[in-house]
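Inspection log for the structure reproduced underneath, given as structure tokens.
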Amino acid sequence: MAKGRVAFDRDLCKGCGLCVSVCPEHMLELDTATINRKGYHPAHVVEGREDDCIGCALCAVMCPDQVITVEKF
Amino acid sequence: MAVVFQRTAGLTDAETHYCPGCTHGIVHRLVGEVLVELGVLDRAIAVIPVGCATLAYDYFNCDVQQAAHGRAPAVATGIRRVLPDRVVFAYQGDGDLASIGTAEIVHAAHRSENITVIFINNAIYGMTGGQMAPTTLVGQKTTTSPLGRDPRLAGEPIRIAEMLAQIPGASFVERVACDSPPHVKAAKRVIRRAFETQLAGEGFALVEVLSTCPTNWGLEPVDALAWVRDHMIPYYPLGNLRDPKKDAAARGGVRPEE
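Spelled out as structure tokens, the structure:
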């Protein structure tokens, strides 16, 4: 059972990867299969890792572009 | 289920023009969150610099005045004196505050103007293409110091927080960094404290934020955070230098009446 959930506003993402670097669960990555509206590879949750989120919001704390919304259960 | 993090009302919905990984976005968000949490967003006025943050008039969700290069503290002084019920802050980079605007920031601090200054130190001129700034570290390569900053030619990097902390009127001075989640969270507490200093009428408050410029440093955004940690923080130590709670006595309690 997931403790938290992250949602990405993917078209706002600039693919800087700061969120990926601080996630303690290592469940985020840049989606190299996608190019968003701004022309970057947006961050997303690694497929199948959705339930690993602990809702710590460290990703959102480091995001310079307010891409991430975090919920905690 | 509770939302523990979402966009702040302190910023507009505009997408910023900042480069990927630029920590201007983080500091903007911290300022916006603090203004909302203190309940002063509707009476806040930002004074923004010349530099990358010039376009911040689109981002801060409050009134904004753009100042001539380096003159944000002087403009903020005027606004705060004419509209004493407003919360006025200047948001400046190091090319703006530490170079062309040194006189303005020194005298605003000396007068203990009741304003808050957010000072972004990323050791380089960002908008103009990565030239050497007064804050550029010794040995750091920039477009105008291609062999690295030579202190025999350009002097040692200027420590603005320490310099201003010598001034009796500088009520609150602290240096923070944006290189890690704990430091970002600490930075928010300090920015809040700087605004509380203004709200209490205790005079001049400045927060120096060690920030990144991945594009002009030539580093990946994540590596730029490590560069702040490994190179900037050792020269620009974090911590509080002045707090009215600690040293009201040292100032003698003298400051201009509102």
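Line order of the protein sequences matches chains W and Y. So the first sequence is numbered by this note's numbering: it starts at 1 and just counts up by one. So the second sequence is numbered by this note's numbering: it starts at 1 and just counts up by one. For each residue, glycine too, the CB sits at the ideal point set by N, CA and C.
Nearest-angstrom Cα separation, counted from residue j out to residue i
| i | j | result |
| --- | --- | --- |
| residue 4 of chain W | residue 51 of chain W | 8 Å |
| residue 92 of chain Y | residue 1 of chain W | 45 Å |
| residue 32 of chain W | residue 43 of chain W | 9 Å |
| residue 18 of chain Y | residue 192 of chain Y | 24 Å |
| residue 258 of chain Y | residue 209 of chain Y | With a pLDDT of 43 at residue 258 of chain Y, under the threshold of 50, the predicted position of this residue should be treated as unreliable, and no value is reported. |
| residue 12 of chain Y | residue 40 of chain Y | 16 Å |
| residue 36 of chain W | residue 60 of chain Y | 25 Å |
Residue-chain proximity (residue i, chain W), Cβ-Cβ < 9 Å
| i | result |
| --- | --- |
| residue 1 of chain Y | yes |
| residue 18 of chain Y | yes |
| residue 258 of chain Y | Confidence at residue 258 of chain Y is low in this model, with a pLDDT of 43, below 50, so the placement of that residue is unreliable and no value is reported for it. |
| residue 184 of chain Y | yes |
First through last residue of the alpha helix (DSSP H) which encompasses residue i
| i | result |
| --- | --- |
| residue 78 of chain Y | 72-82 |
| residue 216 of chain Y | 214-217 |
| residue 60 of chain Y | Looking at the DSSP string, residue 60 of chain Y is not in any alpha helix (DSSP H), and its letter there is neither H nor E. |
| residue 50 of chain W | Residue 50 of chain W -> no alpha helix (DSSP H), and no H or E assigned at all. |
Where the beta strand (DSSP E) containing residue i begins and where it ends
| i | result |
| --- | --- |
| residue 30 of chain W | 28-30 |
| residue 4 of chain W | 4-8 |
| residue 154 of chain Y | Not the beta strand (DSSP E): residue 154 of chain Y falls in the alpha helix (DSSP H), residues 151-154. |
CB of residue i within 9 Å of CB of residue j, strictly
| i | j | result |
| --- | --- | --- |
| residue 21 of chain W | residue 225 of chain Y | yes |
| residue 4 of chain Y | residue 72 of chain W | yes |
| residue 149 of chain Y | residue 86 of chain Y | no |
| residue 46 of chain W | residue 29 of chain W | yes |
| residue 120 of chain Y | residue 180 of chain Y | no |
Where residue i sits in the DSSP three-state scheme
| i | result |
| --- | --- |
| residue 112 of chain Y | coil |
| residue 235 of chain Y | helix |
| residue 14 of chain Y | coil |
| residue 69 of chain W | strand |
| residue 57 of chain W | coil |
| residue 120 of chain Y | strand |
| residue 65 of chain Y | strand |
| residue 6 of chain Y | coil |
| residue 99 of chain Y | helix |
CB contact check: residue i to chain Y, cutoff 9 Å
| i | result |
| --- | --- |
| residue 18 of chain W | yes |
| residue 48 of chain W | no |
| residue 12 of chain W | yes |
Selection of the region 54-73 of chain W by Cβ proximity to chain A, strictly under 8 Å: Here chain A cannot be found, since the structure's protein chains are W and Y.
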